[in-house]
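Under full-length UniProt numbering, the residue at position 393 of the sequence shown is numbered 393, and the numbers go up by one with no gaps.
Okay, so here's the structure we're looking at.
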Amino acid sequence: MQPKAKMAGRNFEDISSACEVAAQALQAIGNLRNPDIRNLAESTASNSSASNSNMSTTSGGNISAFAAELGQRFPTFNACINNTRGRESRNSSSRSSVKKNSKKRKSNNNTQDASSGSGTKIGRPSKSVIHKDLVIIPNPDTKQVPSHSNKVKLEERELIIHEFPFNKGWSPLELRENIEKQLPKNVSFEFMKACYGTLVVPKLAEGVRMNGERILKFSGQGSVYIRCLEPLEEEDDEDQDLLQPVFSDDDTLESQMTAYISSSPDEVTQPASTSQNVTYSISEELPVFNNEEEIPVFEDEEIPATYLEEQFIAGIDVVDSNNSSMPTCSSNTTTNHQDMPIRIIKVHRSLIREDMLQIFSDPSILNASLHAVIINQLGHQEVGEGTGVLREVFSLFWKESYESYMLGESERVPYIRHDFNRAKWEAVGRILVKGYSECLYFPYRLSKVFLIACLFGESNVTSQMLLDSFKHYLSHSEASIVDACLNNSIQCEDDELLEFLSAFDCKRRITENSLIDIVTEVAHKEIIQKPQYVADCWGLIVSDLKKHFPDVCSVNRLYESIVPTNAKVISMLQASPVTPAEGETLAHMKRFIRGLDEGKLATFLRFTTASDMLLTDTLKIVFTSYEGLQRRPVAHTCGFTLEVPSTYSNFCELREEFMGILSADGWEMNIV
Numbered sequence: 001m002q003p004k005a006k007m008a009g010r011n012f013e014d015i016s017s018a019c020e021v022a023a024q025a026l027q028a029i030g031n032l033r034n035p036d037i038r039n040l041a042e043s044t045a046s047n048s049s050a051s052n053s054n055m056s057t058t059s060g061g062n063i064s065a066f067a068a069e070l071g072q073r074f075p076t077f078n079a080c081i082n083n084t085r086g087r088e089s090r091n092s093s094s095r096s097s098v099k100k101n102s103k104k105r106k107s108n109n110n111t112q113d114a115s116s117g118s119g120t121k122i123g124r125p126s127k128s129v130i131h132k133d134l135v136i137i138p139n140p141d142t143k144q145v146p147s148h149s150n151k152v153k154l155e156e157r158e159l160i161i162h163e164f165p166f167n168k169g170w171s172p173l174e175l176r177e178n179i180e181k182q183l184p185k186n187v188s189f190e191f192m193k194a195c196y197g198t199l200v201v202p203k204l205a206e207g208v209r210m211n212g213e214r215i216l217k218f219s220g221q222g223s224v225y226i227r228c229l230e231p232l233e234e235e236d237d238e239d240q241d242l243l244q245p246v247f248s249d250d251d252t253l254e255s256q257m258t259a260y261i262s263s264s265p266d267e268v269t270q271p272a273s274t275s276q277n278v279t280y281s282i283s284e285e286l287p288v289f290n291n292e293e294e295i296p297v298f299e300d301e302e303i304p305a306t307y308l309e310e311q312f313i314a315g316i317d318v319v320d321s322n323n324s325s326m327p328t329c330s331s332n333t334t335t336n337h338q339d340m341p342i343r344i345i346k347v348h349r350s351l352i353r354e355d356m357l358q359i360f361s362d363p364s365i366l367n368a369s370l371h372a373v374i375i376n377q378l379g380h381q382e383v384g385e386g387t388g389v390l391r392e393v394f395s396l397f398w399k400e401s402y403e404s405y406m407l408g409e410s411e412r413v414p415y416i417r418h419d420f421n422r423a424k425w426e427a428v429g430r431i432l433v434k435g436y437s438e439c440l441y442f443p444y445r446l447s448k449v450f451l452i453a454c455l456f457g458e459s460n461v462t463s464q465m466l467l468d469s470f471k472h473y474l475s476h477s478e479a480s481i482v483d484a485c486l487n488n489s490i491q492c493e494d495d496e497l498l499e500f501l502s503a504f505d506c507k508r509r510i511t512e513n514s515l516i517d518i519v520t521e522v523a524h525k526e527i528i529q530k531p532q533y534v535a536d537c538w539g540l541i542v543s544d545l546k547k548h549f550p551d552v553c554s555v556n557r558l559y560e561s562i563v564p565t566n567a568k569v570i571s572m573l574q575a576s577p578v579t580p581a582e583g584e585t586l587a588h589m590k591r592f593i594r595g596l597d598e599g600k601l602a603t604f605l606r607f608t609t610a611s612d613m614l615l616t617d618t619l620k621i622v623f624t625s626y627e628g629l630q631r632r633p634v635a636h637t638c639g640f641t642l643e644v645p646s647t648y649s650n651f652c653e654l655r656e657e658f659m660g661i662l663s664a665d666g667w668e669m670n671i672v
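And the structure:
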């Protein structure tokens with residue numbers, strides 16, 4: 001028995017050493033992440049355990065004792081195996097749950113998109129909705145950003161709405177409606193911007209209004225501020241606290257701006273205190289941004305000082321006391337439309353007449369402030385906004401109306417159509433009135449005598465006015481015949497004269513004494529009698545223009561000022577060439593304008609100002625250095641600015657590029 005016991009002891013020692021080596025190998029294999037390798041390791045461990053137990057059984061050992069010995073010697077082996085199995089089960093369950101959750105999120109997102117605007121939040125919130133604090137300033141005299149203590153008081157009065165959902169897709173009307181729900185009824189407000197501790201009114205381009213996307217860009221990562229135009233309730237001590245500035249007198253915005261101006265001789269050559277004829281008025285408003293992409297968004301509520309330094313000079317209005325009546329873009333505005341309700345009109349470029357007639361069939365449109373949106377030929381909304389877009393809409397309508405609804409050449413009068421009833425002619429009259437009252441657009445090719453007869457009656461039309469307008473109504477060859485008749489330089493039997501009078505259905509016998517009277521009667525029939533039905537339809541509508549044109553002389557001055565000529569357009573150009581190339585480009589531009597005919601000249605004005613009439617006294621020329629495919633002129637119709645490349649090598653290149661633009665049917669408005 002002793003040799004067998006010794007042999008079993010040696011075998012046990014060999015097995016123990018082999019198991020120790022195997023355990024180390026299995027531990028290394030168990031650290032791997034491949035489940036197949038781990039499964040192989042487990043099977044190897046089980047096989048080795050089975051073989052070891054068999055050997056110990058054959059040698060007379062106890063299986064349970066042997067397993068206990070392995071567990072005592074290698075306590076981490078079973079834990080490693082158990083953890084591996086646990087991780088695999090958890091990973092498989094987590095992967096299945098991720099798939100299920102992703103499907104749920106997709107369904108939730110679809111549900112949320114389908115029910116957007118319903119007020120319910122399902123699943124992941126849409127990126128178009130941004131939650132920001134809405135701060136309501138109750139006192140219209142408050143000009144400072146509320147301090148921490150004042151914000152606490154505003155919160156106690158429930159004037160700070162936390163996590164207010166702002167939707168980027170809100171139109172100006174929708175933005176105001178959602179904010180008005182947080183205020184008492186009949187309380188007007190204005191949007192404010194925190195600028196260096198001061199509340200300022202954001203200044204937008206002409207015709208551009210605050211919408212959901214712009215208010216989020218202006219506020220950046222800070223709160224959205226609105227200020228009531230009337231006190232919400234009786235003024236108390238808390239409202240008085242809001243009037244106190246958060247900075248000392250030495251740190252006010254105006255003092256910092258003045259210090260910057262006086263310390264920047266490169267930007268402002270003369271100090272404000274030494275100039276007697278030029279005064280600097282510092283505006284508390286933000287600079288104008290003509291493009292939404294140019295509006296900066298900052299991380300804090302206050303704009304960095306470096307950005308303010310770049311914009312201080314842009315916010316200074318230089319007023320020459322010796323010439324205070326200089327024409328500006330803002331001086332061209334007529335009435336203030338801020339108090340009128342806003343109405344957004346959408347028109348298609350290809351259906352401009354039909355859309356406008358349908359829109360202006362509503363008489364109440366004269367009491368609304370218009371905001372135009374143009375749909376291009378592909379059915380997409382153009383990104384252009386502002387007064388220039390609205391002028392473009394009126395200009396396009398009248399351009400097509402001249403050909404479809406009117407007769408004549410340089411001057412035209414409406415003619416009666418069987419498919420044009422009273423409602424449509426009244427809609428055209430509203431378009432005439434609204435175009436001038438909203439953006440100073442007036443169809444200069446409409447007969448001046450016909451308009452005077454509509455406004456002041458036929459009795460205010462003289463024979464000389466009638467004949468002058470009749471000559472503009474005729475073609476150049478026909479106008480020369482009228483001139484010959486008035487000068488008695490044509491024979492009554494002249495075939496050309498007889499054919500001319502026959503075309504207008506003349507019934508009288510022609511003699512030398514009656515020739516001038518006959519021509520005057522024909523002119524009266526064509527300009528006054530034939531469109532009389534249209535004059536009756538327009539009577540009450542166009543009478544609103546009398547507040548702008550109280551007499552016949554004012555109408556004459558209007559036509560003299562708005563009818564474009566080559567010399568007038570050249571005199572409008574305002575440029576400051578610095579390099580010889582820029583000076584040569586300016587000379588090429590004047591030469592190009594001088595050679596345009598009447599039609600191309602009107603098209604050039606419509607490209608640069610969105611109007612085929614003279615609407616401004618200045619057209620600013622800004623030179624650029626674009627070359628190659630990027631070289632092209634860019635027109636900013638709201639600001640009456642034309643960007644012209646100074647890289648043209650000769651006049652022919654400039655003319656070829658501009659004529660290619662003017663020959664196009666239309667141009668898409670893509671600048672905000």
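Glycine included, every Cβ here is placed at the ideal spot set by N, Cα and C.
* To do: Take I562 as the anchor and find which of D612, Q24, N460 has the nearest alpha-carbon.
  => Along the sequence shown, one-based indexing puts residue 562 at 562. The shortest Cα separation from I562 among D612, Q24, N460 belongs to D612.
* Compute the beta-carbon to beta-carbon distance between N167 and S128, rounded to the nearest angstrom, for a pair I have assumed lies under 8 Å. => By 1-based counting over the sequence shown, the position of residue 167 is 167. By 1-based counting over the sequence shown, the position of residue 128 is 128. That pair is a contact at about 6 Å.
* **Ordered list of alpha helix (DSSP H) runs contained in the segment 634-667, each at least 4 residues** => Complete alpha helix (DSSP H) runs here, min 4: 651-662.
* Asked: Between which two residues does the beta strand (DSSP E) containing H371 stretch?
  -> The residue labelled residue 371 in the question sits at position 371 within the sequence shown. 369-375 is the extent of the beta strand (DSSP E) around H371.
* Name the DSSP beta bridge partners of R353, please? -> Locating residue 353 in the sequence shown gives position 353, where the first residue counts as 1. BP columns for R353 are empty, so no partner.
* Write down the C-beta distance between V433 and D544 rounded to the nearest angstrom, noting that I regard them as a contact closer than 8 Å. => Against the sequence shown, residue 433 aligns to sequence position 433. Against the sequence shown, residue 544 aligns to sequence position 544. So it is a contact: roughly 5 Å between Cβ atoms.
* To the nearest angstrom, report how far apart E382 and T520 are at their CA atoms. => Start at 1 with the first residue of the sequence shown, and residue 382 comes out as number 382. Start at 1 with the first residue of the sequence shown, and residue 520 comes out as number 520. In this model, E382 and T520 are separated by some 49 Å (Cα to Cα).
* What separation, rounded to the nearest whole angstrom, lies between the Cα atoms of L232 and P138? -> Along the sequence shown, one-based indexing puts residue 232 at 232. Along the sequence shown, one-based indexing puts residue 138 at 138. Those two C-alpha atoms are separated by around 6 Å.
* Asked: What residues in its chain sit with their C-beta under 6 Å from that of S188, if we drop five residues either side in the sequence?
  -> Counted from its first residue, the sequence shown places residue 188 at position 188. Contacts found: L229.
* Taking V522 as the reference, give the member of R214, E478, K547, N186 with the closest Cα. => Position 522 of the sequence shown, counted from the start, is the residue given in the question as residue 522. Of R214, E478, K547, N186, the smallest CA-CA separation from V522 is found for E478.
* Tell me, to the nearest whole angstrom, how far the beta carbon of H371 is from that of I344; I am working on the premise that it is less than 8 Å. => For this step, residue 371 is matched to residue 371 along the sequence shown. For this step, residue 344 is matched to residue 344 along the sequence shown. Correct: roughly 5 Å between the Cβ atoms.
* Asked: Which partner residues of F191 appear in the DSSP bridge assignment?
  -> As a working mapping, residue 191 is identified with position 191 in the sequence shown. Looking at the DSSP output, F191 shares a beta bridge with I226.
* **For M589, the first and last residue of its enclosing beta strand (DSSP E)** => In the sequence shown, the residue the question calls residue 589 occupies position 589. First-last for M589: 580-594, but that is the alpha helix (DSSP H), not the beta strand (DSSP E).
* Asked: Going by DSSP, which residues form a beta bridge with T624?
  -> As a position in the sequence shown, residue 624 is number 624, starting the count at 1. P645.
* **P172 (DSSP reduced to helix, strand or coil)** => Translated into the one-based positions of the sequence shown, residue 172 becomes position 172. DSSP places P172 in helix when its eight states are reduced to three.
* **Rounded C-alpha distance that separates Q221 from D133** => The residue you call residue 221 lines up with position 221 of the sequence shown. The residue you call residue 133 lines up with position 133 of the sequence shown. Answer to the nearest angstrom: the Cα atoms are 10 Å apart.
* Since I believe M192 is in contact with L199 (beta carbons under 8 Å), could you give me their beta-carbon distance rounded to a whole number of angstroms? => The residue given as residue 199 occupies position 199 in the sequence shown. The residue given as residue 192 occupies position 192 in the sequence shown. Contact between L199 and M192 holds: CB atoms are separated by about 4 Å, below the 8 Å threshold.
* **Exposure of R417, with buried meaning 16 or more beta-carbon neighbours within 10 Å** => In the sequence shown, residue 417 corresponds to position 417, counting from 1. The C-beta of R417 has fewer than 16 other C-beta atoms within 10 Å across all chains shown, which makes the residue exposed.
* **The beta strand (DSSP E) enclosing residue 673, as first and last residue numbers** => Any property of residue 673 remains undetermined from this structure, which presents the chain solely from 1 to 672.
* Helix or strand or just coil, what does DSSP make of K346? -> Against the sequence shown, residue 346 aligns to sequence position 346. Judged by DSSP in its simplified three-state form, K346 adopts strand.
* Who does M340 pair with in a DSSP beta bridge? -> Numbered from its first residue, the sequence shown carries residue 340 at position 340. Residue pairing by DSSP places M340 opposite no residue, since no beta bridge is assigned to it.
* Asked: Are there 16 or more other CB atoms within 10 angstroms of the CB of V413, so buried, or fewer, so exposed?
  -> Here residue 413 refers to the residue found at position 413 when the sequence shown is read from its first residue. Label assigned to V413: buried.
* How long is the line joining the alpha carbons of P577 and V569, rounded to whole angstroms? -> Counting from one through the sequence shown, the residue named residue 577 turns up at place 577. Counting from one through the sequence shown, the residue named residue 569 turns up at place 569. Whole-angstrom Cα-Cα distance: 18 Å.
* Asked: Taking the alpha helix (DSSP H) that R422 falls in, what are its first and last residues?
  -> Taking the sequence shown and counting its residues from 1, one reaches residue 422 at position 422. Its alpha helix (DSSP H) spans residues 422-439.
* R594: which of P564, K143, F607, V622 sits nearest, CA to CA? -> To locate residue 594, count along the sequence shown from 1; it is residue 594. The shortest C-alpha separation from R594 is found at P564.
* Reference E158; option with closest CA among I518, H148, V135 -> Counting from one through the sequence shown, the residue named residue 158 turns up at place 158. Comparing Cα-Cα distances from E158 to each of I518, H148, V135, the minimum goes to V135.
* To do: Output the distance between the C-alpha atoms of L654 and K217, rounded to the nearest integer angstrom.
  => Stepping through the sequence shown from its first residue, residue 654 is reached at position 654. Stepping through the sequence shown from its first residue, residue 217 is reached at position 217. Those two C-alpha atoms are separated by around 39 Å.
* If E409 sits next to G207, beta carbons under 8 Å apart, how far is it from one beta carbon to the other, in whole angstroms? -> As a position in the sequence shown, residue 409 is number 409, starting the count at 1. As a position in the sequence shown, residue 207 is number 207, starting the count at 1. Contact flag wrong, Cβ pair sits at about 33 Å.
* **Identity of the residue in N460, Q464, S401 nearest Y444 by Cα** => As a first step, residue 444 is located in the sequence shown; it is residue number 444 there, counting from the start. If we check each option's Cα against that of Y444, S401 comes out closest.
* To do: Give the DSSP-derived three-state secondary structure of P363 in the structure shown.
  => Along the sequence shown, read from residue 1 onward, the residue named residue 363 stands at position 363. If DSSP states are grouped into helix, strand and coil, P363 belongs with the helices.
* Start and end of the alpha helix (DSSP H) containing K132? -> In the sequence shown, the residue the question calls residue 132 occupies position 132. That residue, K132, is in no alpha helix (DSSP H); its beta strand (DSSP E) goes 129-137.
* For I431 and A368, the rounded distance between their alpha carbons -> Against the sequence shown, residue 368 aligns to sequence position 368. Against the sequence shown, residue 431 aligns to sequence position 431. Cα-Cα distance, rounded: 13 Å.
* With I516 and S469 assumed to form a contact (beta carbons below 8 Å), what rounded beta-carbon distance in angstroms separates them? -> Mapped onto the sequence shown, residue 516 falls at position 516. Mapped onto the sequence shown, residue 469 falls at position 469. Not really, about 16 Å apart at Cβ, beyond 8 Å.
* **Separation of V482 from I365, as counted between CA atoms** => Locating residue 365 in the sequence shown gives position 365, where the first residue counts as 1. Locating residue 482 in the sequence shown gives position 482, where the first residue counts as 1. In this structure, the CA atom of I365 is about 43 Å from the CA atom of V482.
* Asked: Just checking my contact of T637 with G388 at CB under 8 Å: how many whole Å lie between their CB atoms?
  -> For the purposes of this step, residue 637 is identified with residue 637 of the sequence shown, where counting begins at 1. For the purposes of this step, residue 388 is identified with residue 388 of the sequence shown, where counting begins at 1. About 3 Å; that satisfies the 8 Å criterion.
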